[in-house]
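Line by line, the protein sequences are chains V and X.
All residue numbers in the first sequence are consecutive under this note's numbering, ending with 380.
All residue numbers in the second sequence are consecutive under this note's numbering, ending with 380.
Every residue, glycine too, gets a C-beta built ideally from N, C-alpha and C.
First comes the structure, then the notes that go with it.
There are 2 protein chains.
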Amino acid sequence: MTDIHKPAERRRLSMVDVAAHAGVSVGTVSNVLNRPELVAKPTLRRVRASIKALGFVPNAPARQLRGGASRSVGVMVRDIGNPFFTEVLPGIETRLSQEELLLVLCSSSDSVEKEAYYLQILEQHRVPGILITPAGDDISHLVELRRRGIGMVLLDRPGADSQLCAVAVDNVRGGELAGAHLLSLGHRRIGFLNGPSIVRQCADRRKGLDNAVRAAGLDPGEVVTEVTLPALTPREGEAALERLPLRAGPTALFCVNDTVALGALRGLEQRGIGVPHDMAVMGYDDVEFAAALSPSLTSIRQPKHQLGHAAAELLLTDSRGDAGHWHQEIVFQPELIIRVSTGASPSRPGR
Amino acid sequence: MTDIHKPAERRRLSMVDVAAHAGVSVGTVSNVLNRPELVAKPTLRRVRASIKALGFVPNAPARQLRGGASRSVGVMVRDIGNPFFTEVLPGIETRLSQEELLLVLCSSSDSVEKEAYYLQILEQHRVPGILITPAGDDISHLVELRRRGIGMVLLDRPGADSQLCAVAVDNVRGGELAGAHLLSLGHRRIGFLNGPSIVRQCADRRKGLDNAVRAAGLDPGEVVTEVTLPALTPREGEAALERLPLRAGPTALFCVNDTVALGALRGLEQRGIGVPHDMAVMGYDDVEFAAALSPSLTSIRQPKHQLGHAAAELLLTDSRGDAGHWHQEIVFQPELIIRVSTGASPSRPGR
DNA sequence: CCAACTATTTGAAACATTTCAATCCTCGCG
DNA sequence: CGCGAGGATTGAAATGTTTCAAATAGTTGG
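Now the structure itself:
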C-alpha cells in the first residue's frame with residue numbers, strides 16, 4: 030500500500046542540506062546565519078540563495094539547546110479575562126517585542142496548583158524571566174526560582190519584604206484615596222465589595238480604606254461592612270449585593286475593581302436603587318470603560334500601560350543578571366478620578 | 030581573584046548527573062520520566078529521590094529537539110488591547126491548558142510586517158499550530174505555512190475561499206441585524222464608523238449594512254455615510270465625529286465595535302448631543318461593559334468564549350493532521366441586543 | 001542443573017545547532 | 001622564489017534528550 034496520504038512526510042531539512050546544496054560546510058552556513066561579516070561575499074550570496082531555494086527554516090530548539098537561553102519570557106496573570114490585564118499587557122508586549130522576545134501567556138486562574146504547574150513548564154523551557162502576579166500569598170517558590178537564575182518580577186504586587194523585583198501601584202494609598210473621598214461626601218456606612226484577603230491587592234486596599242476611616246476619627250469596624258467575593262467578575266459583583274443589608278445599610282459601595290463595580294451597578298439598577306442618589310458607588314482601576322458607564326464611575330486610576338512597560342523593563346535587567354542590580358521596587362501612585370457615580374461634582378471632565 | 034561574585038555559575042545539571050547520583054544509566058532516567066511502567070519499583074524510587082535531591086529540571090528544548098513537536102501554540106491577534114480578544118482569549122486558554130499546551134501570544138498591531146516576523150519565529154520554534162486573526166487581506170502565506178505542516182486556524186475571519194480552517198461569527202449577518210434595527214426605528218441617514226476596509230470583518234459588516242438598506246428598498250449610497258478610522262480605539266471613535274456632518278447629517282451611528290462606540294458616546298456627550306434622543310448609537314461585539322454604558326449600548330452579540338474554545342478545538346485537530354480532516358469552517362450566528370442607546374423599547378432586560 | 005523466557009537495564013546513535021581550533025589559500029614582500 | 005600574514009573555511013566536539021537493539025539478571029519448568 031503506497032502512502033499517498035502522507036505526501037509531506039519527508040524529513041524536515043537542516044543546515045546539512047543547505048550546506049550540501051551550496052557546496053560548503055555546515056559551519057559556514059551557521060556563520061552566514063549568525064556572523065555574516067565573517068563570510069566572503071560570494072559565499073554569502075550562494076548560501077543565502079540555497080536557503081531560499083530549499084526553504085530552510087532554522088530550528089529554534091536546537092539553537093537554544095546549544096546556545097542556552099530561550100527567547101521567550103513567561104507572563105503569568107491571575108485571570109486573562111480581567112480588563113485590567115488587558116490594559117497592562119500592551120505595555121508589556123511593546124517592550125518585549127523591542128527585544129524580539131516571545132510572550133508566553135499563562136493564566137493561573139487563581140489556582141496555586143495551576144500556577145506551580147506553569148512555573149515548572151516555564152523553568153523547563155529555560156525562559157530567562159517571568160513576570161507574575163502571584164496567585165497565593167506565599168512567594169517563597171518564586172524567590173527560589175529567582176535563585177536558580179530565572180529573572181523574576183512581581184507585577185502589581187509589592188515585594189518589599191522579599192528579595193524580588195516588583196512593579197506595583199500603591200494599593201494602600203489607593204484605598205485611602207477612595208475612603209477619604211467617600212467620607213468627605215458624608216458617607217458613614219461603607220460597603221466594601223472585596224476579593225479574598227489572601228490576594229495582596231485586596232488586603233492593601235482594605236487597609237487603606239481603614240486608614241482613611243481612622244484618619245477621620247472613626248472606627249473602621251463601625252463604618253465598613255466587607256463582603257468577600259469568590260471571584261472578581263461582574264456576576265459576583267451583582268450577586269454580592271444579596272449579602273449586604275442594602276436598605277438599612279451602607280450608603281456607599283466601594284468595589285475592589287471596576288469589573289465588580291460594573292456588576293454592582295447592574296444589580297442596583299435592577300433593584301431600582303438609584304446611583305448616586307440612593308447609593309454612591311466607586312470602583313478601582315479606572316479601566317477604559319469606566320468613564321462611559323451609566324452613571325460614569327468614580328474610580329482610582331492606575332497607570333496601567335506604564336505599569337506593564339516598567340515591569341517588562343525591570344524583567345529585562347533582572348534576567349540579564351547585571352551586576353549591581355539587586356532587587357528593585359517601582360511603585361506608581363494611584364489617582365482619584367471623580368465622576369458621577371459618587372454624586373460629587375466632578376473635579377475633572379468625565380474622560 | 031576568587032570569583033565570589035558568581036556563586037551559581039555551575040553548569041546546569043542534566044540527566045547524566047541524575048544517572049550518576051542514582052547509579053543507573055541515562056536511559057533509565059529517561060524511562061523514569063517518560064515510561065515509568067517499564068522501570069522496577071526500587072529503581073524508580075531511587076531515581077526519583079535523586080531527581081529531587083539534585084533539583085533536576087528537564088530541558089525542554091533538548092527534549093523537543095529529539096522528539097519533534099513543540100508544546101506551544103501561537104495565538105496571533107491584531108491588538109491585544111482590544112476587549113474583544115480579552116473575552117475570546119479565556120475560551121482559547123481553557124482548551125489549550127487542558128492539552129497542556131503553552132500559549133504564545135503575539136500581537137501584530139495590525140502590521141503585516143510584524144505579523145510576518147512573528148510567523149517566522151513561530152515556525153522556527155516548530156509550533157504545531159497557530160491561531161490567527163490575520164492583519165492583511167492576503168492569506169496565501171498562511172496557506173503556505175499550513176502546507177508545510179503547521180496547523181492553522183483563522184480566528185474571527187471566514188476562510189471559505191481559502192484552504193484553511195476558520196472559526197468566525199457571520200459578520201454580514203451582524204451588519205444586517207444592525208442595519209435592519211436602525212432602519213426599523215425610522216433612521217434614514219446612518220453614519221458608519223468603520224475600520225479599514227482591508228480588514229475583513231469591517232468590510233463584511235458594511236456589506237451587511239448595505240444589504241439591510243437595500244432590503245428596505247433604499248439606496249446605500251444615500252443612506253450610509255462611512256468614516257474610516259485608522260485604529261479601532263475609543264480615541265479614534267471620538268475623533269471620527271469631527272469628520273461627520275453631525276447636525277445636518279446622520280440620525281444614527283453604527284460603530285464597527287463597542288470600543289469605537291465607547292469613544293463615540295464620550296464625544297457626543299461632550300458635544301451636548303443626547304443619545305438616543307438626538308442620535309442613536311449602536312456598537313458591535315456586546316463586550317462585557319456594553320450593558321453598563323451610559324446609556325446602555327445596543328450591540329451585536331458574538332459568542333466570544335465559544336468562539337475561542339471552538340477555534341482552539343479546531344486547531345488541535347488541524348495540527349494533529351488527522352486523516353479525514355481537510356478544512357472546516359465553523360460559523361456562529363450573531364445576535365441583536367437592543368438597549369437604550371438606540372432609543373427602542375428594549376426587547377430584553379439590560380444585561 | 002540447564003534451557004527458555006521474561007523483566008530490567010544499558011549504551012550508543014540521532015536530533016540540529018554553535019563554536020572554535022586547525023587548515024587552507026592567496027597575496028605581498030623581501 | 002619562499003615565507004608569513006591574515007582572511008575564509010572546515011571538521012569535529014558539545015549541548016541534553018529519546019529511542020531502541022542488545023545485554024544482563026532473574027525466574028520457571030523440565
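Query	Result
Cβ-based neighbour list, residue 79/V, same chain, cut-off 7 Å, excluding 5 preceding and 5 following	47, 50, 51
Contact list for the region 141 to 153 of chain V against chain X, Cβ threshold 9 Å	143, 146, 147, 149, 150, 151, 152, 153
Distance, residue 330/V Cα to residue 278/V Cα	27 Å
Cutoff 7 Å: residue 115/X Cβ touching any chain V Cβ	yes
Contact set for residue 154/X: own chain, Cβ-Cβ below 6 Å, skip 5 residues either direction	99
Whole-angstrom distance between residue 312/X and residue 289/X, CA atom to CA atom	8 Å
Nonlocal neighbours in the same chain, by C-beta distance under 8 Å from residue 238/V, ignoring five residues either side	204, 205, 207, 208, 219, 221, 249, 253, 283
Spatial neighbours of residue 112/X in its chain, beta-carbon cut-off 6 Å, leaving aside the 5 residues before and after	316
Assigned secondary structure, residue 104/X (DSSP; H/G/I helix, E/B strand, else coil)	strand
Beta-carbon proximity list for residue 255/V, same chain, < 6 Å, skipping 5 on both sides	221, 223
Beta-carbon contacts of residue 264/V that lie in its chain and below 8 Å, excluding the five residues immediately before and after	292
Cβ contact (3+ pairs, closer than 8 Å) linking the region 88 to 108 of chain X and the region 162 to 174 of chain V	no
Proximity below 7 Å, CB of residue 368/V to CB of residue 327/V	yes
Buried/exposed call for residue 177/X, threshold 16 Cβ in 10 Å	exposed
Neighbour flag for residue 35/X against chain V, beta carbons, 7 Å	In this prediction, residue 35/X scores a pLDDT of 37, lower than 50, which makes its location untrustworthy; the coordinate-derived value is nonetheless stated afterwards. No, because no Cβ of chain V sits closer than 7 Å to the Cβ of residue 35/X.
Start-to-end residues for the alpha helix (DSSP H) that takes in residue 198/V	Premise fails: residue 198/V lies in the beta strand (DSSP E), 194 to 198, not in any alpha helix (DSSP H).
Among 192/V, 346/V, 227/V, 135/V, nearest to residue 172/V - alpha-carbon criterion	192/V
Within-7 Å CB hit, residue 38/V to chain X	Reliability of the predicted coordinates at residue 38/V is poor, the pLDDT of 46 falling under 50, and no value is obtained from them.
Whole-angstrom C-beta distance between residue 130/V and residue 104/V, which should lie under 8 Å	About 10 Å separates the two Cβ atoms, so there is no contact after all.
Contact set for residue 214/V: own chain, Cβ-Cβ below 8 Å, skip 5 residues either direction	281, 309, 371, 372, 373
Alpha-carbon spacing of residue 196/X relative to residue 366/X, whole angstroms	22 Å
Helix, strand or coil at residue 113/X according to DSSP, with G and I counted as helix	helix
Distance between beta carbons of residue 344/V and residue 158/V, contact taken as under 8 Å	5 Å
Contact check, residue 360/X vs residue 233/X, beta carbons under 7 Å	no
Every unbroken alpha helix (DSSP H) inside the region 193 to 258 of chain V [4 residues or more]	200 to 213, 229 to 244, 249 to 252
For residue 328/V, three-class secondary structure by DSSP	strand
Buried/exposed call for residue 246/X, threshold 16 Cβ in 10 Å	exposed
Distance, residue 45/X Cα to residue 54/X Cα	8 Å
Per-residue contacts from residue 317/V into chain X (C-beta, under 8 Å)	112, 263, 288, 291
Collapsed DSSP secondary structure at residue 311/V in the structure displayed	strand
Residues that DSSP places opposite residue 136/V in a beta bridge	106/V
CB contact check: residue 128/X to chain V, cutoff 7 Å	no
Residue from 235/X, 241/X, 226/X with nearest C-alpha to residue 260/X	226/X
For residue 282/X, the first and last residue of its enclosing beta strand (DSSP E)	281 to 284
Residue 363/V and residue 202/V closer than 7 Å at C-beta	yes
Interfacial residues, the region 150 to 182 of chain X to chain V, with Cβ spacing under 9 Å	150, 151, 152, 153, 154, 155, 176, 177, 178
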